[in-house]
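Report on the structure given below.
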């Protein structure tokens, strides 16, 4: 199971680098590791929300338009940040533990 998780993390990191994901430089404290994990989870959730809302029609009171298209991505990012800070999918907890474990093993240097 750990091998599958590590493979998924490596794939996510590679995909994130090509899409401008948040910086995952070595964290010096648990607080920094937690912040990096929440930032990654927010990025992941933002990408997920983009896909979820892409199928939603624009039959709402605002009716779409260029303004809505311009700010839709920002709205999804804010939704994702709030979701990640309030627990989200639980990725931040697992990622924090993995970041700290990786650094203790000497991989973060």
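Residue numbers (UniProt numbering): 1 to 109. Here a beta-carbon is modelled for each residue, glycine too, at the ideal position from N, C-alpha and C.
Per DSSP, residue 54 is one residue of the alpha helix (DSSP H) stretching across 30-54. Between residue 49 and residue 76, the CB-CB gap stays under 8 Å. The DSSP-derived three-state label of residue 74 is helix. For residue 92, the enclosing alpha helix (DSSP H) begins and ends at 91-104. Judged by their CB atoms, residue 30 and residue 85 are not nearer to each other than the 8 Å cut-off. 81 is the residue among 81, 104, 36 and 98 whose C-alpha sits nearest the C-alpha of residue 46. For residue 88, the three-state secondary structure derived from DSSP is coil.
Taken through DSSP and simplified to helix, strand or coil, residue 65 comes out as coil.
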